[in-house]
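Trainee: Chains as they are written, first to last, in the numbering used here: chain A, -9 to 483; chain B, 249 to 908; chain C, 20 to 327; chain D, 18 to 231.
Note that beta-carbon positions come from the ideal geometry of N, C-alpha and C, so glycine has one too.
As the structure is a prediction and not an experimental result, all values here were calculated from the model.
Attaching a single structure in structure tokens format; questions to follow.
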Amino acid sequence: MHNAGHLIWIILVVSVAFGGICRIFRSPRKILSFMCAGVLVVTVPVLTLVVYTFYYGAVSSAGQWFYIDSLSAFHLVVMMLVFCMSTFYGYHYFDEKIDEGIFTTRLARRYGSLWFASLTAMTLVLVSNNLGIMWVGMETTTLVTAFLINLYSNKTAVEAMWKYLIICSVGIAFAFMGTLLVAASAYTLETHVADVLLWTKLVKVGEVLNPALLKTGFVFILVGYGTKAGLAPMHTWLPDAHSQAPAPVSAIFSGFMLNAALYCIMRYISLVDLVSETFSQELLVLFGIGTIIISAAFILSQHDLKRLLAYHSVEHLGIITLGLGLGPAGIFAALFHTLNHSVCKSLGFFCAGRLGQIYGTYDMRQISGSMHLSFLWGGGLMGSLLALIGLAPFALFMSELLIVKAALETDTIWAMVLFLAGSSIVFVGALKHIIPIAWGKPSTDHVCLKSMLTDKVLVLGALALLLMLGLWMPDVLHEILYRAAYIVGGHHN
Amino acid sequence: MIVFLLSVIIIVASGFAALVTRRSNSLSTFLGVGGVCAGSLIGLIPTFNVLIHGSRLSLHLPWHFAWGSFFVEIDPLSSFFLIPVFGVSILTAVYGAGYLQHYRQTHLLGVHWFFFNLLVAGMAMVAVAGNGVLFLISWEVMSLAPFFLVTFHSDQSKVQHAGWVYLVATHLGAIFLLVFFLLMGVNSGSMDFDHFNPSGYHHLSLLFLLAVIGFGSKSGFIPFHVWLPEAHPAAPSHVSALMSGVMIKMGIYGLFRSLVLLGVPSVGWGYVFIGIGLISGIAGVTFALAQHDLKRLLAYHSVENIGIISIGIGIGMLGLSWDNPVLVVMGMGGALLHVLNHSLFKSLLFLGAGSVQHASGTLEIEHMGGLLKRMPITGMTFLVGAAAICGLPPLNGFISEFLIYQGSVYGSMFLEGATVGAMPAVIAGLALIGGLAAICFTKAFGIVFLGTARREKGVSVRESRLSMKIPMLILSALCLLCGLLGADILKTAAPVLNMVTMNRFLDAIPLELIKAANSLRSVTWVFAGLILILTGLIFFRKWLLSKRYVQEGVTWDCGYIRPTSRMQYTASSFVQPVTGFFRNILQTRNIVSPPHGLFPTKVSLTTKTPDVFEKKFYSPLFEGTKRILFGLRWIQQGRIQLYIAYIVITLIILLIWKVR
Amino acid sequence: MMTYWSHQSISPVISAIFLAPLLFGVINWIKAFLSGRRGAPWLQPYFDLWKLMRKSAVYSRTTTWIFRAGPLVGLGAILTAAMIMPMGNIPALVSFPGDFVLFAYLLALGRFFTIIAALDTGSSFQGMGASREAYFSALSEPALLLALTAVARRTGSNSLSGMYEVLSSGSWALVSPAMVLVFIAIFIVFLTENARIPVDDPTTHLELTMIHEVMVLDHGGPDLAFINYGAALKMWILGQLLIGIVNPVHTGIMWLNQTISIVVSLSGPAIAVGLIEFSMARLRLKRVPQLLVAAGIFSVLALIMELR
Amino acid sequence: MNNWIDLLIILLILSNFVMLGSSRLAVCIRTLAIQGILLGILPLMIDRQDLVLHTTLVSIGALIIKGIVFPWLLFKVLRRIGIRREIEPFVGYVPSLFIGLAGLIVSLYIGSKLDFPAPESVADVIPLSLFSILAGLFLLTTRKKALSMVMGYLVLENGIYAFGSVVLNKVPVIVELGVLLDALVAVFIMGIATYHINREFDHIDVNRLDNLKG
């Protein structure tokens, strides 16, 4: 167990180091290749850890400051999946920009180091047992990724970056306030100062925590991390940032960074549930529903493809949040949905990114006939969007079904009705957008690049994964989700 | 059961094979169609096995998602619906192979066949799914696949719109089903149908309502029918045939299934069905009358026929709740037979429409005319379909309507109390529907196939190829056959009826079935007499004319000197008296450019009859929602200060509300 | 409730087949008599049919086999319908529960083919007639079926033979306001289906105002004979529907029953039609639907009274 | 000692008022510097028996970062951009002061209501921190210049820091330092972002950054 804990250090150090190594290469192509290799290398210890956790239980290290249980292991898997996909996607994504000389070595270096830095930061969030360090990791992701948005400095990108930076910083500041309040709630606890913010400690002594302070803290946490997770009405930065960032970056934003923020909230859910059974549920359901409805409104009226996808992220984060508020079954569903959404949304951004390059715009009114132009990317976008709006047999349908079921089981009928109404509106709206994008006469004479093998593998693989998860859940996944859900909401039982 | 699953696997696998080989259209077509045919033929084996022996085949496999198992079961009810699924699929696939020849230069047919096979497999799985989750997934596959089939001509914005309407309607319907199954599953602790226990449900009527809306939107109950008139004209004809002939019946299957799952219905439910049925039937046929797009017309007729089926179910349900096996046999039996019959003649009609469209390049009835001379087979089979759908003897349409009539006549005769009023209403409704349908199909057949071509294009029309003719011929033969064998077919429905009545009339149902079958047998005798008489008359006239000189001339023109083909009666004018009668419902818009001056050169009249429900209900609803939601857009103006204010306000509200 | 066959059941069919044209002759004779003329001989329709049968045929080039099939199916359907139509208390050749539905649909079959045969000519006049015919019959069908349902309720039998058996054996005891309404409704249907005044005028010469006649303008020779014979037959069997309600004859002696029935079948409709055609003019086309809806309302009223 | 704490608190409150009422960016930055130094001292003043090393470390870190590095960074940005004043905020300076006053009263009220597990001596820090948070948020929502927003953020951060100092003994030093470091990086990046805005738009009026909406 002790040895396994070292792996955490290895992951963190290696990915930081890779970020540094990116700076020594002399051509963008090399850097991109290195990134692919690097991410794969990082995957090895991560997966080892996850497997270890699965078979031998939670792993901790550094005096319990690092800790990996099923919940974090699950998120680590999702994270690595999204990162691997995005990195490999990035390998060809920049082809055109490299040829045009826009994606220079300097930019590539910056891109590479920030990429690994954000990987590190997110890993830090997931592996820390100390709620303070978790916060530090979360804030770091904000800061690191800010420059990824603004990779090619231009007006809108700067604007997006600024909004992202300020809004998320404010949110994260609240989250810190919340962290402090939670720490304060443990004032009766006679522990060593180093242990006071340890989640494992707090979870064990739930009864002695001061309820009022803990609840106040949770509200701060929810609003704070919720800002980062894109819950309405704190989601305002999200469409801007997603639409301006390069596609691989949007993919990790949507595919994982939002989930990381929610992961933080999950940790606090298990704390606050110790003092009040329903306190978190009510708030989460409320936020979930609100988020779904508001995002639905924007999806309906959206004209920008990437913003559309961004609002879909908002919606799905809302769905996950809703699930988190619906008891153990809901949490299970929410976690499952996390995985599905991450894969699906990354795929969506991949395809949108390439289509954007092909058409030279993200304005959906000017994109049509993408299926004719590129069966891979057009079809991939269609597939991912159809999956996103919840069509069976894709996995997102299954997880949404689980959420509805959870709502029925907990008798949260009003939430279920609103959820279904909201998702129907999203369905109607999004479908209206998808159809003309996919079909019709191509609106550009841009010659489509030949799709590379990695691209094909990515798109088809992601779709196949979504399809598989929609029809069959491997026992391993079921077990891991179950355990993770138990960690978040097991106290209800 | 394994055989059945094998057939589904064959169908799906051949679909994938078609997708993979999409670069070669002939190969992928061969694989796709071959797979459907082979798979369906194999699938028919267990189907008939179950239906004949009244047994059940089932299979449980462990499955995580299902809160239960991967549970598939062919019981009599499923097998009854599987027959059209497989049977019509084979015919439409063969037809499709010929139909799509035309597009092999421009389209990737492999993709089409992939989704076609998926649709067939999806329908088969829906019919056997014994688990709520499996049912929902199959249902969604079955609903999603046609979306890609409907949008075969995806470059046309009209088709895109049709695809959108279709998918939205079907998905919104599916949401109700989702809640329906989950609610039952949550109440009974398992999603397997055999664990469902109606006595434990709290909201039976709510469940019933969910089922009606969910399945009704697939079947095309008014007012959930709006997708039908959009999707069918857009789709290739074999797809319309399969959708209209079989897929919408899966909604009916679902209704039957939910009856089984929900237990003994309350009286009100029966009335709901009868009410919906009457409205759908009458409004459906009325709207059909006003259409002059051939397939749109047929689509509305699907609505009408679904209405008839629903009336039958309603009568049966009343019988169930009143413990009256006669009504059950007549109503449910009639409904079941009509399912089968409608799947035959409606696919036949759609295939015919497809041939017509193929040949003349249009679906606009007003532009056609005289096609019978150029397309004798298509014309004849279409006539058979038209007569069958009007319920004319000696074809199958009459048999099922006859049973439903009988049920309602029985009800009107022997039942007491104020509630009986529904029965005469059914009789009147059915009679009216029959009369209007006759108008509609004399119009459709008469204007399209008879007279002379109204446009020059009509002159060059050619009969369609063999692979298209054969399915139509088979279907029309089946229409006649089912008309003559009504009694026997009804008898095979005995296990199905026992199932939907939850075995409550185990003794009475066979008895009543025999009675009903006997009167059907008498009908058959009359049919035989009719056929005999007709044959006799044919020979009689032949004999009369054999010694005479038979001349050909022009049509008597009532003294007018230069009649042209443009002067023929048009479809719109043919139905004008009736559409005038129903003008308040139809709200037909006339676009007239009246004659001017002494020698008017150009005069025109165009009529448009959009769907009232769409125009008056759905569009305003969607627009209203959109407007309200667009109102929310102001929250995102781009002002970062405002954004921060949102965060702060949220926080403060939460603190005040939650913490204080 | 089995189908039953009996030797005496032949008589309604036989009499229908042979006597139907006579009905036309009687009507024409009565009309002429009422207007103070001397009518054609009663057997004139038979002479006409004979003449037509021996003629050769002229077919329009526009037409197809549908045009030729029209008269055949029209006649065939009505001949078949005659098989299930009883004559008073003499049951029909075939009878079974719900046979009146089949009866109505057999009429519809004949009409369907007549209409498409008319459309086959491509003539706008025939199209117009077809349109009207289709429209009016769609409205008359509910009235007919509802009226018969009321009778079924009244008599407790749901086959035509059964109904009329009860009606005639129950004599006038069963006559009630409801039955009067039924009678009126069926009478209107009778007039409509047979294209008589006030719905249609069989003797008009203006194509624009015709309904039934204009549809068969292009038929000649044996085809026209079939049509005319079919029309006569139709009038006969629809007449039976009416007669059955008001004919209470139940002597118990079979040949007497038959004779009286035949006499009444011939004279009843003929007198009624003759009187109406003598005293009324054709309704304006726009009024016809109102008449038919009124028939429907009568049936509904009858049913309501029966269901009470 | 209590008097010292009270003095600090009063000074800090006053500094917030200066932030609210001043239009000159340079003045604001200087005030921030002073605020940072005061906050750096604050933990030391709080009477604690243990953890001297811990407290000292954090105090020194805060002092350096908040009192010296931040102002230096901000001045650097200010010089690069070459503007001096915040022009016409959404809420004028005098009303800002009144609102600040109202905020102060609210903070005091909430602070008195809060049942907070802190020593009597530092109870007043909580209203102060709340007031700082409110002031920071007020600045963030009403000021138009990017730099002013950064400063608003810093005031907010300071407020939270002040709050943290009360529960400081509960938070491990590495966390505290990590937090400080993050704040540092945040300001650094915000500074760069401000610079980018200036370069792309030729101004730093963030209220004119509204291309992305809907």
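Examine chain B for any beta-carbon lying closer than 8 angstroms to the beta-carbon of Thr211(C), and answer yes or no.
Mentor: Position 192 of the third sequence, counted from the first residue, corresponds to residue 211(C). Output row for Thr211(C): interface = no.
Trainee: Report the residue ranges of all alpha helix (DSSP H) runs contained in full by the region 346 to 434 of chain B; include only those spanning at least 4 residues, in chain order.
Mentor: 357 to 376, 380 to 398
Trainee: With respect to the beta strand (DSSP E) encompassing Phe56(A), which residues constitute its N-terminal and C-terminal limits?
Mentor: In the first sequence, residue 56(A) corresponds to position 66, counting from 1. Start and end: 56 to 58.
Trainee: Determine, using beta carbons only, whether Arg544(B) comes closer than 8 angstroms to chain C.
Mentor: Looking up residue 544(B) in the second sequence gives position 296. Taking Cβ atoms only, chain C never reaches closer than 8 angstroms to Arg544(B), which makes this a no.
Trainee: Any beta carbon from chain C within less than 8 angstroms of Pro987(B)'s own beta carbon?
Mentor: As shown, chain B starts at 249 and ends at 908. That puts residue 987(B) outside it, with no answer to give.
Trainee: Got a sec? Which residues, its chain only, sit under 7 angstroms from Gly302(B) by beta carbon, not counting five neighbours each side?
Mentor: Start at 1 with the first residue of the second sequence, and residue 302(B) comes out as number 54. Taken in chain order, the residues that qualify are Pro324, Pro743.
Trainee: Terminal residues of the continuous alpha helix (DSSP H) containing Ser841(B)?
Mentor: Here the question's residue 841(B) lines up with position 593 in the second sequence. It is not in any alpha helix (DSSP H) - Ser841(B) instead sits in the beta strand (DSSP E) that spans 837 to 841.
Trainee: Using DSSP with H/G/I as helix, E/B as strand and the rest coil, what is Gln799(B)?
Mentor: Numbered from its first residue, the second sequence carries residue 799(B) at position 551. The three-state reading of DSSP puts Gln799(B) in strand, counting E and B together.
Trainee: Does the separation of the CB atoms of Val434(B) and Lys395(A) fall below 8 angstroms?
Mentor: Taking the first residue of the second sequence as 1, we reach residue 434(B) at position 186. Taking the first residue of the first sequence as 1, we reach residue 395(A) at position 405. In this structure, Val434(B) sits near Lys395(A), with a CB-CB distance shorter than 8 angstroms.
Trainee: For Pro310(B), which residues does DSSP report across the bridge?
Mentor: Position 62 of the second sequence, counting from 1, holds the residue named residue 310(B). According to DSSP, which records beta bridges pairwise, Pro310(B) is partnered with Ser317(B).
Trainee: For Arg216(D), which three-state DSSP category applies?
Mentor: Sequence index remark: in the fourth sequence, residue 216(D) carries index 199 (1-based). Helix.
Trainee: Is there at least one Cβ from chain A nearer than 8 angstroms to His213(D)'s Cβ?
Mentor: As a working mapping, residue 213(D) is identified with position 196 in the fourth sequence. By this cut-off, His213(D) is an interface position.
Trainee: Quick one: grab the DSSP three-state call for Met25(A).
Mentor: In the first sequence, the residue the question calls residue 25(A) occupies position 35. If DSSP states are grouped into helix, strand and coil, Met25(A) belongs with the helices.
Trainee: Rounding to the nearest angstrom, what Cα-Cα distance links Ser30(C) and Gly263(C) in this structure?
Mentor: The residue given as residue 30(C) occupies position 11 in the third sequence. The residue given as residue 263(C) occupies position 244 in the third sequence. Each residue's alpha carbon lies about 15 angstroms from the other.
Trainee: Taking the straight line between their C-alpha atoms, what separation do you get for Ser528(B) and Tyr79(A)?
Mentor: Locating residue 528(B) in the second sequence gives position 280, counting from the first residue. Locating residue 79(A) in the first sequence gives position 89, counting from the first residue. Their Cα atoms are separated by approximately 52 angstroms.
Trainee: With a cut-off of 8 angstroms, does the C-beta of Arg881(B) fall near any C-beta of chain D?
Mentor: Numbered from 1 along the second sequence, position 633 holds the residue referred to as residue 881(B). Interface residue, yes.
Trainee: Please classify Lys739(B): does DSSP put it in a helix, a strand, or coil?
Mentor: Counting from 1 along the second sequence, the entry for residue 739(B) is found at position 491. Here Lys739(B) sits in helix by DSSP.
Trainee: Less than 8 angstroms between the C-beta atoms of Gly146(C) and Gln816(B), yes or no?
Mentor: If you number the third sequence from 1, residue 146(C) lands on position 127. If you number the second sequence from 1, residue 816(B) lands on position 568. Result yes, Cβ atoms of Gly146(C) and Gln816(B) sit closer than 8 angstroms.
Trainee: Within the same chain, show all residues whose beta-carbon is closer than 6 angstroms to that of Tyr258(A), passing over the 5 residues directly before and after it, in chain order.
Mentor: Position 268 of the first sequence, counted from the start, is the residue given in the question as residue 258(A). Answer for Tyr258(A): Phe208, Ile211, listed in chain order.
Trainee: DSSP three-state call for Val275(A): helix, strand or coil?
Mentor: For the purposes of this step, residue 275(A) is taken as the residue at position 285 of the first sequence. Helix at Val275(A).
Trainee: With 16 other CB atoms within 10 Å as the buried threshold, where does Ala300(C) fall?
Mentor: By one-based count along the third sequence, residue 300(C) stands at place 281. With fewer than 16 Cβ atoms within 10 Å of its Cβ, Ala300(C) is classed as exposed.
Trainee: Quick check: Leu74(D) and Val202(D), are their CB atoms within less than 8 angstroms of each other?
Mentor: In the fourth sequence, residue 74(D) corresponds to position 57, counting from 1. In the fourth sequence, residue 202(D) corresponds to position 185, counting from 1. No, Cβ-Cβ distance for Leu74(D) and Val202(D) is not below 8 angstroms.
Trainee: When the cut-off is 8 angstroms and only beta carbons count, does Val256(B) lie next to chain C?
Mentor: Counted from its first residue, the second sequence places residue 256(B) at position 8. Not closer than 8 angstroms to any Cβ of chain C, the Cβ of Val256(B) fails to qualify, so no.
Trainee: Where does Glu325(C) sit, in a helix, a strand or coil, going by DSSP?
Mentor: In the third sequence, residue 325(C) corresponds to position 306, counting from 1. Three-state DSSP puts Glu325(C) in a helix.
Trainee: Between the Cα of Ser405(B) and those of Ser108(A), Trp55(A), Gly369(A), Ile425(A), spot the shortest distance and give me the residue it belongs to.
Mentor: Your numbering for residue 405(B) matches position 157 in the second sequence. Selected option, being the one with the closest Cα: Ile425(A).
Trainee: In chain D, which residues lie with their C-beta within 8 angstroms of the C-beta of Ile892(B)?
Mentor: Locating residue 892(B) in the second sequence gives position 644, counting from the first residue. The answer, in chain order, is Leu154, Leu157, Thr158.
Trainee: Go through its chain and collect everything with a Cβ distance to Lys717(B)'s Cβ below 6 angstroms, but skip five positions before and after it.
Mentor: Residue mapping note: residue 717(B) aligns to position 469 of the second sequence, counting from 1. Hits under 6 angstroms: Ile625.
Trainee: Should Thr226(A) be flagged as near chain B, meaning a C-beta pair shorter than 8 angstroms?
Mentor: In the first sequence, residue 226(A) corresponds to position 236, counting from 1. It does; some Cβ of chain B falls within 8 angstroms.
Trainee: Could you give the residue range of the beta strand (DSSP E) that holds Val77(C)?
Mentor: Mapped onto the third sequence, residue 77(C) falls at position 58. 77 to 79 is the span of the beta strand (DSSP E), which, as asked, contains Val77(C).
Trainee: Between the region 217 to 228 of chain D and the region 284 to 293 of chain A, do three or more beta carbon pairs fall short of 8 angstroms?
Mentor: no
Trainee: Rounded to whole angstroms, what's the CA-CA distance from Gly148(C) to Pro825(B)? Just pull it up for me.
Mentor: Stepping through the third sequence from its first residue, residue 148(C) is reached at position 129. Stepping through the second sequence from its first residue, residue 825(B) is reached at position 577. Computed Cα separation, rounded: 11 angstroms.
Trainee: Going along chain A in order, which residues have a C-beta closer than 7 angstroms to the C-beta of Ile909(B)?
Mentor: No information on residue 909(B) is available, as it lies outside the stretch 249 to 908 that chain B covers here.
Trainee: Using a threshold of 7 angstroms, is the CB atom of Leu584(B) nearer than that to any non-hydrogen atom of the ligand FAD?
Mentor: With respect to small molecules bound, the structure shown includes none, and the ligand FAD cannot be examined in it.
Trainee: Going along chain B in order, which residues have a C-beta closer than 7 angstroms to the C-beta of Thr228(C)?
Mentor: On the third sequence, position 209 is the one that residue 228(C) refers to. Those within 7 angstroms of Thr228(C) in chain B number zero; the least Cβ separation is about 12 angstroms.
Trainee: Please check if any C-beta of chain B sits within less than 8 angstroms of the C-beta of Leu125(D).
Mentor: Position 108 of the fourth sequence holds residue 125(D). By this cut-off, Leu125(D) is not an interface position.
Trainee: Is Pro719(B) closer than 8 angstroms to Thr340(B) when the C-beta atoms are compared?
Mentor: In the second sequence, counting from the first residue as 1, residue 340(B) sits at position 92. In the second sequence, counting from the first residue as 1, residue 719(B) sits at position 471. Their beta carbons are under 8 angstroms apart, which means Thr340(B) touches Pro719(B) by this criterion.
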